[in-house]
Structures are given as C-alpha cells and as structure tokens.
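Chains as they are written, first to last, in the working numbering: chain A, 1 to 56; chain B, 57 to 397.
Quick notes on the structure that follows.
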C-alpha cells in the first residue's frame with residue numbers, strides 16, 4: 001500500500017489500490033482533489049479544477 | 057459499577073448528563089436532585105428519557121453518599137450546603153462556573169460579585185481532557201469549562217503551543233438558546249428569541265478569562281445568541297507570526313490532535329462543511345477545529361465548533377470521568393451525530 005504526502009496540506013494520502021496514471025483521489029484531511037501525474041516514481045499533484053478536454 | 061448523583065438535574069445540562077450516563081455501562085445514576093421538582097419523575101422534565109429510567113427528583117438533602125457527584129448549577133449562594141454535599145462523594149465534577157477561574161479579582165470582574173469561598177479557586181482540575189488528561193487521572197474535584205471557552209481553546213491551543221501567533225486574539229462566540237439554561241425568562245420567550253442575532257455580550261464575555269488561562273493568549277471575546285437550540289461556533293481572529301506557513305499551521309493542529317478521540321481537524325478545500333460548524337455535531341461529543349490563513353497579510357482565523365450541552369458540558373464531564381476511572385475514554389460517548397438534520 002503506497003503512502004504519499006498531500007501536496008496541498010502534507011497529510012498522508014494512502015492508496016487503497018495500485019496507483020494508475022491520471023487517476024483522481026481525495027485527500028482525507030483537506031479533501032483536495034489530487035491526480036497521479038507519475039507512477040514510477042509515484043508523484044501526485046493538485047488536480048486542475050477545470051480543464052478543457054479538447055474534444056476527447 | 058459506580059454510583060452517581062446529579063445535583064440540579066432538571067436543567068438542560070442535567071438532562072444531558074442523565075442521557076449520557078443512563079447509556080454508560082459502568083455508571084449507575086442513583087439520585088437526581090431538584091429543589092423545584094422534588095417528587096416528580098425525571099422523564100417528565102426530560103421526555104427524551106421516557107422508558108429509560110424510573111428515577112424521581114429528590115431534594116438535595118436526600119441525596120445519599122455516592123462515588124461520584126455532578127453539580128450542574130452554582131452553589132455560591134449556599135456554600136455550606138454545597139460543602140456538605142461535596143462530603144458525600146469521593147469525586148466531584150462541577151459544571152457550574154463557580155470554580156473555573158483561579159483569581160478572585162478576575163472572578164469579581166466577570167461575575168460582578170465577590171467569590172464567597174476564594175480559597176477554593178484554583179483547587180479544581182479543569183475538565184478539559186485535551187489539556188489536562190494526566191491531572192484528571194487522579195483528580196478529586198473537577199471543574200468543567202464553559203462551552204464557548206472549550207471551543208475557542210481547542211481551536212487556539214495548537215497555534216499557541218507551537219508559537220505561531222501573536223498573543224492578541226479576538227474571539228467571536230456564537231451560541232444557541234440552550235446555552236442560557238432552562239429557566240424561563242422574558243428574554244427566552246419564543247417571540248423575543250426567534251430569529252435573533254443578539255450580541256448579548258459585546259465585550260469581555262466571561263469565557264475570555266478561561267481561554268486566556270488555558271492558552272496564555274490575550275483574549276477579548278464577544279458572544280452572540282443565534283437562532284439555534286444547540287451549538288457553539290467560536291471564531292478566533294489572530295495574526296500569524298512572520299514566516300508562518302499553512303503547512304506549519306496544519307502540522308501544529310495535526311500534532312496536537314492526532315491521538316485525540318473527540319477532536320477533528322477540519323479545514324477542507326471542498327464540500328459544504330469546509331470549516332467547523334455545530335450542525336453535524338449535535339448530540340455528539342466531538343469538537344471540530346479548523347483554520348483559514350492569508351499568508352500575505354498574516355491574518356489567521358481559528359474556528360472551533362461543538363454541541364454546547366455535550367462537548368461543551370455534560371460530554372466533557374463524562375469524558376473526564378472515564379479518564380478518572382481508567383475506562384476507555386469514549387465509553388458512553390460514541391454517538392456520532394446526525395446528517396442530515
């Protein structure tokens with residue numbers, strides 16, 4: 001089970017399953033939306049609040 | 057099983073003590089006193105307890121010797137009677153304001169009278185587990201703090217302890233109508249109370265002295281009665297010391313309350329309940345604390361919320377009792393509140 005620090009509030013964020021690229025998760029402390037931006041190494045970032053998908 | 061007596065059981069705090077203790081597996085309430093309602097059933101006055109107890113109110117003089125006694129109201133007008141009652145219990149929890157302050161001068165300033173037994177001031181252990189857990193394990197006389205004092209203290213304590221804020225603090229306390237007790241008065245008529253945002257203490261609310269004593273901060277406090285039955289929200293306005301970061305503030309709260317069973321840190325980015333408010337805490341023993349911080353100006357808001365009758369009174373007393381008796385701290389206190397309500 002992977003644990004990362006929330007980039008917003010530094011609380012521990014625990015992954016219940018294997019992290020997947022671009023998956024979204026919530027920090028249990030600040031409830032911020034986080035995004036997996038790299039799997040190897042594992043890096044999470046604050047998810048963009050609104051982003052255009054350019055037709056996808 | 058320990059025996060318990062509640063002195064002054066007919067008020068809202070008395071009813072809340074009864075509710076919690078009737079569900080407590082280690083406690084047996086053997087007597088509840090009320091001078092006004094002696095001889096009447098307690099579930100007549102507290103209808104939520106129907107079917108839970110056959111107890112009737114007794115005169116204080118008829119209360120037997122017990123292991124633990126709770127005082128819900130002041131004994132300052134009958135100090136001999138209060139002293140005599142105190143002798144009938146091994147451990148006493150005082151939920152009135154009689155013993156909250158340690159300084160007779162401060163008592164006179166906030167309560168407008170001389171304390172008749174100043175030698176007792178400073179002798180009681182504060183019934184605030186988050187600050188006085190070790191002292192509570194051996195305490196024989198416990199004074200439970202005021203409801204708004206508890207909310208504000210728990211919100212400010214991590215910041216003060218970590219040295220992150222300047223000493224001057226202004227606390228804005230908001231409280232529901234049950235905070236003013238069960239005694240009928242013109243101010244509590246529905247026509248006068250409904251819809252209010254009443255600044256009943258625009259300056260120097262008496263709980264500021266308790267918050268100052270607990271935190272070491274220079275506290276000034278206002279208090280407003282709001283259109284709710286239960287609930288307290290304390291909003292403390294402070295200034296962070298230069299160089300303080302949000303990460304340091306969060307770390308201070310996390311460190312202070314990581315192992316606390318009844319304090320939750322709430323400073324969230326999304327959702328309807330981003331900062332503490334009492335609505336979802338009613339009936340529970342939780343206190344939620346949180347903050348908002350502007351790093352450019354240094355303005356820092358610390359917020360605490362709780363149910364004034366539970367974590368702000370009866371629940372804090374029962375939590376302190378659990379600590380004193382060596383029981384699990386959440387015994388009889390596991391109700392989590394309601395949502396929606």
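Note that the Cβ used here is the ideal one computed from N, Cα and C, for glycine as well.
9 Å Cβ cut-off: residues of chain A touching residue 307(B): 10
Own chain, CB closer than 6 Å to residue 249(B), minus 5 neighbours either side, in chain order: 233
CB contact flag (residue 279(B), residue 229(B), <7 Å): yes
Residues of its chain near residue 164(B), where Cβ-Cβ distance is below 8 Å and the 5 sequence neighbours each way are ignored: 170, 171
Uninterrupted alpha helix (DSSP H) stretches inside the region 271 to 327 of chain B (no shorter than 4 residues): 302 to 313
Beta-carbon neighbours of residue 321(B), restricted to chain A and to distances below 8 Å: 29
Beta-carbon gap between residue 151(B) and residue 369(B) smaller than 7 Å: yes
Buried versus exposed call for residue 374(B) [16 or more other C-beta atoms within 10 Å across all chains shown]: buried
Chain-order list of residues whose beta-carbon lies under 6 Å from that of residue 330(B) (same chain, five-residue window excluded): 324
Residue 98(B) in three-state terms, based on DSSP: helix
Test: residue 327(B) CB closer than 7 Å to a CB of chain A: yes
Within 7 Å, strictly: CB atoms of residue 361(B) and residue 317(B): no
Beta-carbon spacing of residue 181(B), residue 192(B) below 7 Å: yes
Residue of 359(B), 243(B), 337(B) minimising C-alpha distance to residue 394(B): 337(B)
Nearest-angstrom beta carbon gap, residue 209(B) and residue 270(B) [assumed within contact, 8 Å]: 4 Å
Distance between residue 243(B) and residue 113(B) (C-alpha atoms, nearest Å): 27 Å
Residue of 17(A), 35(A), 16(A) minimising C-alpha distance to residue 6(A): 35(A)
Cβ contact (3+ pairs, closer than 8 Å) linking the region 85 to 100 of chain B and the region 26 to 45 of chain A: no
Beta carbon of residue 64(B) nearer than 7 Å to that of residue 129(B): yes
Span of the alpha helix (DSSP H), counted from its first residue to its last, around residue 136(B): 135 to 142
Within-7 Å CB hit, residue 373(B) to chain A: no
Every unbroken beta strand (DSSP E) within the region 317 to 383 of chain B, with a cutoff of 3 residues, ordered by chain: 319 to 321, 343 to 349, 355 to 362
Under 8 Å from the C-beta of residue 11(B): neighbouring residues of chain A: Lying outside 57 to 397, the shown extent of chain B, residue 11(B) is not represented and no answer is given.
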